[in-house]
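Residue numbers (my numbering), protein chains in the order written: chain G, 2 to 129; chain S, 711 to 1034.
Glycine residues also receive a C-beta, built at the ideal position from the N, C-alpha and C atoms.
Data block below; observations after.
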């Protein structure tokens, strides 16, 4: 929970901390809901809770304070895997992550760092 | 060591324990899921002091204001008295003082209560008949010196409670109220923000309260109210709303009729379609949606896609309780 305070300039801080996360989530979630390839996975989700979860996702991708565990990610996405969630959908989400950060003028090297962190969750999310 | 009081019981929170961990260790039933502050299943309310701000992460501002928090990420900083949401018993006695038909289906009911309690216009209370039959209704007024509450009660086909209100309930009869609940209400601050209020049927009740609250708190930004019904006689308060719009330059009122019998004094179409197409973008707007669940959920998504931030969308879907 508190490791972010120990390091001097984390990726999370360099990107802009909680304010950046909040800005990113609205843009990102709109992209996801507008994307016919993946929006069916979000159709029945409570939008408020979805936003809270995506804030956690972005905080994690930015290397910020989070409680990410691989097991939780597996459990949370298991019902989506049953609905057919696969690599192509994960790729689409990664695409929106990159586009969102680009839109927010995050420098390319920081986007690459965030993308690498997000990429590391692929196996857990897809239940592999 | 802090203590946690819930109902009649008080427990000690061990060092490093969260409120959820303490309660579960003591075998108190608390719904929970992710245990990392995300799923919001373990949301509770602090009844005495404001909870630690960190335990309110991700909650809507209206819920934060009402001292809701997530038990799984709450390390108490002082003794706390807490309650699960929606577990407040109906205990407040009230007497019916006005009953007025607004439309063939909707009855305006005004009650007066003895024990003062806090509420925001737009929240709802559980209304309990003396034999226990209970339904939730939205509050259509801001706090009143006479301790009165106004409800707009729509008669549902085979609705036990609503039929009783329409057909039998008389002036002077008693009902029991719960405390106010719900997160769809106005909060002061950002007074110049444009507001969009969309409601169908008796969804006007909370919106009428929210509108009154916004005006009472000096909201200066434009306030656009869209009230929809299938047919003309499903609309009500038309004159009152037009008067408000005359009196306050920032209030705009559009009655909408989606069925065939509308006339030139009303917009033709569904209220949310007309509302959403009335503006290019909802970026920076605050949006309130009340009424039919399909309308509310669809419009929530459309308003978000049109630029409203999720944190600026307040919704109250009127779910119908089936059976008893």
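- Within the DSSP bridge table, the entry for residue 909 of chain S names S:937, S:1000 as partners.
- Check the Cα spacing between residue 904 of chain S and each of S:928, S:919, S:719, S:968: the tightest is with S:928.
- A residue is called buried when at least 16 other Cβ atoms come within 10 angstroms of its Cβ; residue 980 of chain S meets this threshold and is buried.
- C-alpha of residue 984 of chain S to C-alpha of residue 45 of chain G: approximately 25 Å in a straight line.
- Within chain S, 1020 have C-beta atoms less than 7 Å from the C-beta of residue 52 of chain G, given in sequence order.
- Counted as a single uninterrupted DSSP element, the beta strand (DSSP E) harbouring residue 1026 of chain S occupies residues 1023-1027.
- Residue environment analysis places residue 786 of chain S among the buried positions, since at least 16 neighbouring C-beta atoms fall within 10 angstroms of its C-beta.
- Residue 101 of chain G and residue 29 of chain G have their C-alpha atoms roughly 6 Å apart.
- With respect to residue 879 of chain S, residue 802 of chain S sits apart: the two C-beta atoms are not nearer than 8 Å.
- When DSSP reads this structure, residue 977 of chain S sits in a beta bridge with S:966.
- By DSSP's assignment, residue 778 of chain S forms a beta bridge with S:755.
- When 8 Å is used as the limit between beta carbons, residue 15 of chain G is near no residue of chain S, the shortest such separation being about 22 Å.
- Per the coordinates, the alpha-carbon of residue 728 of chain S lies some 11 Å from the alpha-carbon of residue 747 of chain S.
- Its Cα nearest to that of residue 800 of chain S, the residue S:838 stands out among S:769, S:823, S:999, S:838.
- Residues of chain G whose Cβ lies closer than 8 Å to the Cβ of residue 936 of chain S do not exist; the shortest such Cβ separation is about 21 Å.
- With respect to residue 912 of chain S, residue 863 of chain S sits close: the two C-beta atoms are nearer than 8 Å.
- In summary, residue 732 of chain S is buried, with 16 or more beta-carbon neighbours lying within 10 Å of its beta-carbon over all protein chains present.
- If you ignore the 5 residues before and after residue 12 of chain G, its C-beta comes within less than 6 Å of the C-beta of 63, 64, 114, all in its own chain and listed in chain order.
- Leaving aside the five residues that flank residue 822 of chain S on each side, the residues in its chain whose CB is nearer than 7 Å to its CB run, in chain order, 804, 805, 807, 856, 857, 858.
- Legend: CB atoms of the stretch 82-109 of chain G lying less than 7 Å from CB atoms of chain S are not found in any residue.
- Closer than 7 Å at the C-beta level to chain G, one finds these residues of the stretch 743-754 of chain S: 744, 746, 748, 749, 750.
- Contacts with chain S at 8 Å (Cβ-Cβ) do not include residue 32 of chain G.
- Residue contact with chain G for residue 1014 of chain S: present (Cβ-Cβ distance below 8 Å to some residue of chain G).
- Within chain G, the residues whose beta carbon sits less than 7 Å from that of residue 768 of chain S are 53, 56, listed in sequence order.
- At a cut-off of 8 Å between C-beta atoms, residue 36 of chain G does not count as an interface residue with respect to chain S.
- Excluding sequence positions up to five before and after residue 975 of chain S, its CB lies within less than 8 Å of the CB of 965, all in the same chain and listed in chain order.
- The alpha-carbon separation between residue 23 of chain G and residue 813 of chain S amounts to approximately 44 Å.
- For residue 980 of chain S, the closest Cβ of chain G is not nearer than 8 Å.
- One finds nothing in chain G with a Cβ atom closer than 7 Å to the Cβ of residue 957 of chain S; even the nearest lies about 35 Å away.
- Ranked by Cα distance from residue 895 of chain S, the options S:851, S:882, S:930 are led by S:851.
- Taking 8 Å as the threshold, the shortest C-beta distance from residue 775 of chain S to chain G does not fall below it.
- With fewer than three CB-CB distances shorter than 8 Å, the stretch 762-780 of chain S does not count as touching the stretch 999-1017 of chain S.
- Residue environment: residue 108 of chain G is assigned as exposed (fewer than 16 neighbouring CB atoms within 10 Å of its CB, all protein chains considered).
- Counting along the chain, residue 885 of chain S sits inside the beta strand (DSSP E) bounded by residues 884-887.
- Where residue 896 of chain S is concerned, there is no enclosing alpha helix (DSSP H), because DSSP gives it neither an H nor an E.
- Residue 60 of chain G sits buried, since 16 or more C-beta atoms from the chains shown fall within 10 Å of its C-beta.
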